[in-house]
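Participant: Have a look at the structure that comes next, please.
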Amino acid sequence: MEQHIESRALRQVLAARERPSLPSNFAYTTMRRIRLERQKSERRQRIVGVCCVLAVTILGLGGLVYMFGATIWQSMVAISKRPEDLSLALPTLFCLAFFALLNHWLAQHYVGRDKT
């Protein structure tokens, strides 16, 4: 009998209790929060990617200098002593600059077009 009274009292308390209602723009705020979290995650991934590329580049250049530093230095000294050897360096630098600019332009023009 006591159990029946307790269960009835519990039901009355639960029925009398106000039920929380969701705000009218609950779906919008939830989707906005999800979008912001996704943007934060993509930004973190981009930062980690850039840091990894920088680390690998620095380590690679450091390795090249460690392994071939003396040879590179001797080549630079030889080029400075004989100006005719500089004639190959200028077209090479021009080509590298051209391809770097072309890569930058193509990346701006085509990357991200297929995203929806």
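Heads up: the sequence shown begins at 2 in this note's numbering, then just goes up one per residue.
We treat Cβ as the ideally placed atom computed from N, Cα and C, and that holds for glycine.
I think residue 80 touches residue 90, with their Cβ atoms under 8 Å apart; what is that distance to the nearest whole Å?
Facilitator: Sure, about 7 Å apart at Cβ, within 8 Å.
Participant: Quick check on the burial criterion: 16 or more other C-beta atoms within 10 angstroms. Buried or exposed for residue 117?
Facilitator: Confidence in residue 117 is poor, its pLDDT being 46 and thus under 50, which makes the residue's placement unreliable; the coordinate value appears in the next sentence. Exposed, because fewer than 16 other Cβ atoms sit within 10 Å of the Cβ of residue 117.
Participant: Rounded to whole angstroms, what is the Cα-Cα separation between residue 24 and residue 99?
Facilitator: Their Cα atoms are separated by approximately 57 Å.
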